[in-house]
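In the numbering used here, the protein residues as written are 970 to 1277. These notes concern the structure reproduced below.
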Ligand code: CP
Ligand code: NVA
């Protein structure tokens, strides 16, 4: 049951900006938008989109979500604006918050996002930083909720780099009480502060496991999830990482070790035969395109909460 919204005018920089109740609230609202059970109008509201890195899903799903809410978006490309020409973030943030009602930012350093949020008088949303991708995690858990009745019965195994996507899955998983296992090569573990925070949230500490062994990590798992081995900004590490991640591909052998009804997720874009085989990507267990669609529904819900 939806209760009064406490998210209005807040920032969403991290999964940790939400309480457990608020995550469930956004998932319920997303489901209502998806099934056309509600209609919320924000006529004339403007979402500013600042993307210092490339994007297909996040950018377009924000644009469509805002259009569906009756608002509009402004796409701020760093190459055609003053943003990457040395104008201080604090100046850009103060100017944009006089034009826009809400701002979504994709950038490298999480501290730059925090700087925007510090100076903006309007809500700021994390559209991905090197540290977190919290909008993605909301869509991931909506996709998982559509398959399984109770989060408490779900084991989610992420196989790959302990990156922004893994960090947000851990934090959101902790809020929802989902058992999360991360299998990554040595040296590629998720952010240590994220792990510490997640352990503080989990009532049962056994529900989060970080391991270097993908085979044991997938035993009994209901959800197998992966992401690129080299994230945006890590292009120069690609060759080295391709070697370090050998054995961490989600292939049919790994899938065979998981629960027989396990579903497959990938935030996209995907590199076939690297982090996932084409066979598994295209298999009937894949929910990858449902997951991509859900980005739009959760962002519509998120925007409607922050703008209310
Ligand atoms: N998953 C995701 O964020 O995709 P984009 O980089 O295309 O936005
Ligand atoms: N970890 C990836 C996610 C892309 C959506 C990256 O940061 O490039």
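Glycine included, each C-beta is placed from N, C-alpha and C at the ideal position. Because the structure is a prediction, the values reported are computed rather than measured.
Remark: the shortest separation between the CB of residue 1102 and any heavy atom of ligand 1 falls under 7 Å.
Bridge pairing for residue 1255: 1233 [DSSP].
Distances from the alpha-carbon of residue 1074 to those of 1028, 984, 1175, 1049 put 1028 closest. Nearest in C-alpha terms to residue 1002, of all of 1037, 1252, 1245, 1059, is 1037. In the structure shown, residue 1072 adopts extended strand secondary structure according to DSSP, grouped into three states. Under the criterion of beta carbons closer than 8 Å, residue 1016 and residue 1237 do not qualify as touching, at roughly 22 Å. Taken in chain order, the unbroken stretches of alpha helix (DSSP H) that lie wholly in the stretch 1168-1249 and span 4 residues or more are 1183-1187, 1207-1213, 1221-1226. A distance below 7 Å between beta-carbons, with the five flanking residues on each side excluded, links residue 1201 to the following residues of its chain, in chain order: 1022, 1023. A straight-line Cα-Cα distance of about 26 Å links residue 1055 and residue 1025. Inter-residue distance for residue 1172 and residue 1148 is about 11 Å (C-alpha atoms, whole angstroms). Excluding residues up to 5 positions away in sequence, 1098, 1099 lie with their Cβ nearer than 8 Å to the Cβ of residue 1078 in the same chain. Proximity of the beta carbon of residue 1201 to ligand 2 is indicated: a heavy atom of the ligand is located closer than 7 Å. With 16 or more neighbouring CB atoms inside 10 Å of its own CB, residue 1231 falls in the buried class. Apart from sequence neighbours up to five positions away, the residues of its chain that approach residue 1246 with a beta-carbon distance below 6 Å are 1220, ordered along the chain. Residue range 1026-1037 is occupied by the alpha helix (DSSP H) that includes residue 1031. DSSP links residue 1150 through a beta bridge to 1126, 1178. Ligand 2 has no heavy atom closer than 7 Å to the beta-carbon of residue 1163. Distances from the alpha-carbon of residue 990 to those of 976, 1049, 983 put 976 closest. Separation of residue 1157 and residue 1102 (C-alpha to C-alpha, rounded to the nearest whole angstrom) is 17 Å.
Put simply, the stretch 1122-1138 touches the stretch 1180-1198. At least three CB pairs are less than 8 Å apart.
Burial of residue 1218 is indicated by the presence of at least 16 other C-beta atoms within 10 angstroms of its C-beta.
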